[in-house]
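Report on the structure given below.
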Amino acid sequence: RLWEALEIAQLKNMVKLLPGGLDAMVTEGGENFSVGQRQLFCLARAFVRKSSILIMDEATASIDMATENILQKVVMTAFADRTVVTIAHRVHTILTADLVIVMKRGNILEYDTPENLLS
């Protein structure tokens with residue numbers, strides 16, 4: 001299941017190339033991986049744990065566009081049957097959501113589908 005999760009997160013080949021593979025040394029805080037890779041490892045971990053709810057707080061804020069696309073694809077496929085809560089400030093991050101809740105200072109201002117909110 002671990003290799004399946006790494007493959008889903010598109011990390012399998014990278015992990016295979018690490019000295020020691022799955023037994024490779026990881027520095028404190030995972031600093032020997034990029035921010036994007038650390039985000040993808042978190043998704044792989046959530047997949048392995050079979051988490052029924054995935055909360056992503058600005059998960060794409062500090063990653064490049066290519067990694068963001070991978071992250072979005074993984075969430076849409078591997079977590080399609082689970083609840084995903086995304087805290088986002090960029091509109092394109094939530095365009096594929098079923099429901100968007102717009103909040104300000106902890107209060108709900110409006111909620112609807114992305115299409116209806118953008119029209």
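Positions 1 to 119 (UniProt numbering) are the ones given, in order, by the sequence shown.
For each residue, glycine too, the CB sits at the ideal point set by N, CA and C.
C-alpha gap between residue i and residue j, whole angstroms
| i | j | result |
| --- | --- | --- |
| V30 | E115 | With the sequence shown as reference, residue 30 is identified as Gly, and Val is not the correct amino acid for it. In a straight line, the C-alpha of G30 is about 38 Å away from that of E115. |
| K12 | M103 | 37 Å |
| W3 | K16 | 10 Å |
| A5 | L43 | 8 Å |
| G36 | M65 | 10 Å |
| H92 | A24 | 35 Å |
| residue 121 | V85 | Given that the chain is displayed from residue 1 to residue 119, the structure contains no residue 121 and the question cannot be resolved. |
| L22 | V74 | 21 Å |
| N69 | K50 | 22 Å |
Counted within 10 angstroms of its Cβ, other Cβ atoms place residue i as buried (16 or more) or exposed
| i | result |
| --- | --- |
| Y71 | For the sequence presented, residue 71 should be read as Leu rather than Tyr. L71 is buried by the Cβ-count criterion. |
| M76 | exposed |
| V26 | exposed |
Integer-rounded CB distance, given that residue j should sit under 8 Å from residue i
| i | j | result |
| --- | --- | --- |
| E110 | I87 | E110 to I87, Cβ: 16 Å. No contact. |
| F47 | I8 | 6 Å |
| Q39 | I63 | 6 Å |
| R82 | I53 | 7 Å |
Beta carbon proximity, residue i to chain C, threshold 7 Å
| i | result |
| --- | --- |
| N32 | Within the model displayed, chain C is absent; a lone protein chain is all it includes. |
Run through the segment 38–102 for me and flag every whole beta strand (DSSP E) of 3 or more residues, listed as ranges in chain order.
-> 53–57, 83–87
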